[in-house]
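Trainee:
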Amino acid sequence: MDLSSINPALLVASIMISATPILLAAIGEMVVEKSGVLNLGVEGMMITGAVVGFAVAVTFTSPLLGFAAAALAAAALSLSFAVLTQYLLSNQVATGLGLTLVGLGLSSLIGKPYEGMKAVTLPKLDIPILSDLPILGTMLFRHDIMVYVSLLLVALVWAFLKYTRAGLILRAVGESHDSAHALGYKVVRVRVLAILFGGACAGLGGAYLSLVRVPQWTEGMTAGAGWIALAIVVFASWRAGRVMIGAYLFGGVTVLQLNLQAAGAAVPVALLSASPYLITILVLVTISARGVHGAPASLGRPFHASS
Amino acid sequence: MANTLLSIRGLTKAYPGVVANDDVAFDIGKGEIHALLGENGAGKSTLVKMIYGLVQPDRGQMELDGAAFAPTQPSQARQSGVAMVFQHFSLFDALNVAENVALGMENPPKPRDLAKQIQEVSETYGLPLDPYRTVGTLSAGERQRVEIIRCLLQDPRLLIMDEPTSVLTPQEVEILFETLRKLKSEGTSILYISHKLEEIRALCDHATILRLGKKVATCTPAETSARELAEMMVGSSFATPQARTVETGEVLLEVRGLSLPSPGGFGTPLRDIGFEVRAGEVLGIGGVAGNGQDELLAALSGERTSKPGSVLLKGNDVSAMGPTERRGSGLLSAPEERLGHAAAPNMSLIENGVLTAGRRRGLVSGGFISWPKAKDFAAEVIERFDVRTPGPGTAARALSGGNLQKFVVGREILQSPEVLVVNQPTWGVDAAAAAAIRQALLDLAAQGAAIVVISQDLDELMEIADRFGAVNEGRLSELRPVSSLDMEQIGLMMGGAHDMEVAHADA
């Protein structure tokens, strides 16, 4: 095994790229769960975002337009979840799983003509001074804009939940929808908006996979990233900062095992490939064993304003 | 009348199958404490929900200070100066005091100013509270202070209080009454909902009594006896449990050094609890809600097992047994939470009967359920305890709270337990049915069973218990014969107004 073939600066840079799609999806899902809704359809919304983003970006040769379309398409998909669970009071778990299946099927249908095409990808930013820093420049400051958007989004979500009244109302709705309703807050409206935001974020995450990370369209390309995003929300105990740590940890292990494979580590390749998932499970179990999770108290419970 | 703040005329609200309020009319004066009195299901909550804008009336008008008043949502009511302290459902455990207060305000100030205001108001009205504490860690009395302060910060003209004293110790009740009298002297009107007659007689200027959605009378409670008020409320006189002579036998249930860690984030740990109950005896355990009642019931019923030698039934160690085994040996229990704990909401009464009585009543043999026997058993409970329901096949969730309570308590009593542990046996049950449940518990004791009644209703415990103890932060006080106790002593056993001093020390 030749560890010297791993360049630390490039390693960090690729960890950031690898973590961004999961980070986007997870921060969106965290907001959804903070409002008390469990949307298990992240995988389906991500892959819908991936295919729509790819198709639009290729058709109009504009990656930014692709991202916008991806966010819209995934939000539209999540709207169906919102209508089913919030107005028709369907079961959130079953509806979320259904959403994933719909998303996977829909995406392979839409994506058929685009297989094998090359994506128009986002340019790397060239920030004056910062990008030219030795090592740090390569690590942190020569990425495309979406990497920074995702980090900014984490900071915004954190500040929104902590400092704004709207954020307080969102948390209150997730904590006890009966109390929130008794105080006159529109539980269903808050939840629908949160679901739409979560959908848009998952769509952006998916588009980042097909437009930047891979960058091309293949069927089922999200490969469980949506599920990992869901796990990361739990891992993070529903806190924005920890969602970022979780996403970067998973991204880190993914990239590291690829590098180890390339360096010829004396570990079976199958085990290395499985390692990000194994570590996610391990961390989740450790965190759950600690007892206190900080899950929103109304998470997954249907709300109906009866009597 | 120039002195009238809120005037209600012909207010009517019907739900499918039931008229919750029928042509209700009364006036609340300025600076008046007005009681709204009635049994569960008399339409009190529907009426206040209409005043607070949560429900819209089908017919009728309200006038606030001479102007038409028809709030379509709570924020409108709040803007008009109507504030409400809820009995349940309006605090958020995971948020802190200041955040909870901000959620109930229309235009909350900046967090730092709000914290300062909370401290000012809490000092003015003698309701000490730290704005940065998480609500989940507060006692029931402190939680209520959060609600009251939230209302006071908006300078309400009318303050609605929904059964505010059900979770307080007698000392805390006195403090609350002082606060309310101070508010009254400042010109705030208070609509005070309760079914505790003595409180209303001590506090309120006028009382409006509702029965089955209709106004029965408006009277001056200080000039009316509690007995008269109760009869207006119920519509007939009802039997009070008969006095009885106590002949206690051998010790049936013994608890020694029972300690258990807290079951969840906001639970209470049990700390070195010890007592014994003899055959024919009723032990009453009081205490402010959330001081270990639920945890104690779980430890006795077998939902949570404890260390060997801590729970003994007729001298046999049952500490390691689960609920089914304990039931088999004669230790039965009925928890407080009716839907989801004592009964499975979507299952029929027959099925719910089988769930706890399957073994003792021989409804199950060789793993198969005998449905005819199960049906007979459910029908017997319904008959004996006057459960109002279309039939034993009805789902548990379709019953009103009081009727379901009669069913779950009756279900245990009819299994002829040797030891019965009940938590809040008459919670939410109307006065006549509550009397019937208490009588059934006393009859059971007379037949030689040992009974542990955990309750927050002190009058109930005084009425049926032989000995009394109070739980406070998971510890059980010394047990005393009820005949030697007065309210003052009971309050001290429950911990008095101790958390007031704690809050002072924090500030």
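Going down the list, the sequences are from chains A and B. For what it's worth, the working numbering labels the leading residue of the first sequence as 1, then goes sequentially. For what it's worth, the working numbering labels the leading residue of the second sequence as 1, then goes sequentially. All C-beta atoms, glycine included, are put in the ideal place defined by N, C-alpha and C.
Using only alpha-carbon positions, find the residue among B/38, B/279, B/463, B/146 that is nearest to residue 444 of chain B.
Mentor: B/279
Trainee: Report yes if the C-beta distance between residue 33 of chain B and residue 5 of chain B is below 8 Å; otherwise report no.
Mentor: no
Trainee: Relative to the C-alpha of residue 74 of chain B, which candidate in B/65, B/85, B/67 has its C-alpha closest?
Mentor: B/85
Trainee: Per DSSP, which residues does residue 15 of chain B bridge with? Please list them.
Mentor: B/18
Trainee: How would you call residue 244 of chain A, buried or exposed, if buried means at least 16 neighbouring beta carbons within 10 angstroms?
Mentor: buried
Trainee: Just to confirm my understanding: we take residue 233 of chain A, look at its own chain, exclude 5 residues before and 5 after, and list those with CB closer than 7 Å. What are they?
Mentor: 26, 29, 30, 33, 243
Trainee: Does residue 179 of chain A have its Cβ less than 8 Å from a Cβ in chain B?
Mentor: yes
Trainee: Quick one: which residues of the stretch 102 to 122 of chain B get their C-beta closer than 8 Å to a C-beta of chain A? List them in chain order.
Mentor: 102, 103, 104, 108
Trainee: Taking all protein chains shown into account, decide if residue 162 of chain B is buried (16 or more other Cβ within 10 angstroms of its Cβ) or exposed.
Mentor: So residue 162 of chain B ends up on the buried side.
Trainee: Do we get a CB-CB distance below 8 Å when we pair residue 376 of chain B with the residues of chain A?
Mentor: Among the CB atoms of chain A, none fall inside 8 Å of the CB of residue 376 of chain B.
Trainee: Using only CA atoms, which one of A/109, A/168, A/156, A/91 lies nearest to residue 111 of chain B?
Mentor: A/168
Trainee: Just curious, the beta strand (DSSP E) that residue 107 of chain A is in, first and last residue?
Mentor: Run containing residue 107 of chain A: none in the beta strand (DSSP E); it sits in the alpha helix (DSSP H), 92 to 111.
Trainee: Would you identify the three-state DSSP class for residue 374 of chain B, choosing helix, strand or coil?
Mentor: helix
Trainee: Any Cβ of chain C within less than 8 Å of the Cβ of residue 176 of chain A?
Mentor: Among the chains of the structure shown, chain C does not appear; the protein chains present are A and B.
Trainee: Is there a C-beta anywhere in chain B that falls below 8 Å from the one on residue 297 of chain A?
Mentor: By this cut-off, residue 297 of chain A is an interface position.
Trainee: Excluding the 5 residues preceding and the 5 following residue 19 of chain A in the sequence, name in chain order all residues of the same chain whose CB lies nearer than 6 Å to its CB.
Mentor: Only residues of its own chain outside the window of five on either side were considered, and among them 247, 248, 251 have a CB closer than 6 Å to the CB of residue 19 of chain A, listed in chain order.
Trainee: Compute the Euclidean distance between the alpha carbons of residue 276 of chain A and residue 267 of chain A, then round it to the nearest angstrom.
Mentor: 14 Å
Trainee: Strictly by DSSP, which residues pair up with residue 61 of chain B?
Mentor: B/9
Trainee: Measuring alpha carbon to alpha carbon, tell me which residue in A/6, A/108, A/85, A/87 is nearest residue 217 of chain A.
Mentor: Ranking the options by Cα distance to residue 217 of chain A, first place goes to A/108.
Trainee: Looking at the structure shown, is residue 23 of chain B part of a helix, part of a strand, or coil, going by DSSP?
Mentor: strand
Trainee: Quick one: list the residues of chain A neighbouring residue 92 of chain B, beta-carbon separation under 7 Å, in chain order.
Mentor: 172, 175, 176, 179
Trainee: Could you check how far apart the C-beta atoms of residue 478 of chain B and residue 469 of chain B are, in whole angstroms? I think they sit under 8 Å.
Mentor: 7 Å
Trainee: Straight-line CA distance for residue 195 of chain B to residue 38 of chain B?
Mentor: 6 Å
Trainee: Say whether chain A places a C-beta atom closer than 8 Å to the C-beta of residue 99 of chain B.
Mentor: yes
Trainee: Are the C-beta of residue 38 of chain A and some C-beta of chain B separated by less than 8 Å?
Mentor: Interface flag for residue 38 of chain A against chain B is unset, since no Cβ pair is found closer than 8 Å.
Trainee: Would you tell me roughly how many angstroms separate the C-alpha atoms of residue 141 of chain B and residue 142 of chain A, rounded to the nearest one?
Mentor: Residue 142 of chain A has its alpha-carbon roughly 57 Å from the corresponding atom of residue 141 of chain B.
Trainee: Which residue or residues does DSSP assign as beta-bridge partners of residue 255 of chain A?
Mentor: Under the DSSP definition of a beta bridge, residue 255 of chain A lacks any partner.
Trainee: For the beta strand (DSSP E) that residue 146 of chain A lies in, which residues bound it at each end?
Mentor: Where residue 146 of chain A is concerned, there is no enclosing beta strand (DSSP E), although the alpha helix (DSSP H) it sits in stretches over 145 to 163.
Trainee: Residue 304 of chain A: buried (16+ other C-beta within 10 angstroms of its C-beta) or exposed?
Mentor: In summary, residue 304 of chain A is exposed, with fewer than 16 beta-carbon neighbours lying within 10 Å of its beta-carbon over all protein chains present.
Trainee: Using the beta-carbon of each residue, which ones in chain A are nearer than 7 Å to residue 73 of chain B?
Mentor: 184
Trainee: Quick one: which residues of the stretch 15 to 29 of chain A get their C-beta closer than 7 Å to a C-beta of chain B? List them in chain order.
Mentor: Residues: none.
Trainee: Strictly under 8 Å for the Cβ-Cβ distance: is residue 505 of chain B near chain A by that measure?
Mentor: Here the model assigns residue 505 of chain B a pLDDT of 35, short of 50, so the residue's position is not dependable and the matter cannot be decided.
Trainee: Report the rounded CA-to-CA distance for residue 179 of chain A versus residue 485 of chain B, giving the unit in angstroms.
Mentor: 38 Å
Trainee: Can you tell me whether residue 273 of chain A is buried or exposed, with buried defined as 16 or more other CB within 10 angstroms of its CB?
Mentor: exposed
Trainee: Cβ of residue 367 of chain B within 8 Å of Cβ of residue 385 of chain B?
Mentor: no
Trainee: Taking the straight line between their C-alpha atoms, what separation do you get for residue 317 of chain B and residue 309 of chain B?
Mentor: 6 Å
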